[in-house]
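Residue numbers (this note's numbering): 285 to 399. Ideal Cβ positions, reconstructed from N, Cα and C, are used throughout, including at glycine. Because the structure is a prediction, the values reported are computed rather than measured. Report on the following structure.
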Amino acid sequence: QVQLVESGGGLVQPGGPLRLSCRATGISFSAVNMGWYRQAPGKERDLVIGFTSGGTASYAASVKCRFTISRDNAKHTVDLLVNSLKPVDTGDYYCGVYAWGDNYWGQGTQVPVSS
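Right, dumping it as structure tokens:
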């Protein structure tokens, strides 16, 4: 059974850093493509970083140069790293994978960006 669990959310001041972690059980990130997604209040869930099984990342224009991604195969985790958050980055962050014909999602973690 595939399970994804996000951690690391919470209130952050503008300009502050952030590290979110997505831990997988029942699946290996090195075998599937995954993504970090953001759902801003009142909006749809959007992809912010796509990450292939081979380790290639693609970034939404709004997060380029601020968001990065890192995978630890031994720990079965993929981390989202931000060096400078903006208020527009506020939202619920989810990790997701597509495997065996299904989409799998974590429960999400809230990241309010406010002073």
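Query, Result
"Unbroken beta strand (DSSP E) runs of length 3 or more, entirely within the region 321-395: which are they?", "329-335, 341-343, 351-356, 361-366, 375-383, 386-389 and 393-395"
"In chain order, what residues of the same chain lie with their CB nearer than 6 Å to the CB of GLN254, ignoring the 5 residues before and after it?", "Limits of the chain in this structure are 285 at one end and 399 at the other, which puts residue 254 out of reach."
"In this structure, does DSSP put LEU295 in helix, strand or coil?", "coil"
"Can you have a look at LEU369 and say buried or exposed, based on whether 16 or more other CB atoms are within 10 angstroms of its CB?", "buried"
"In whole angstroms, what is the alpha-carbon distance linking THR309 and ASN317?", "15 Å"
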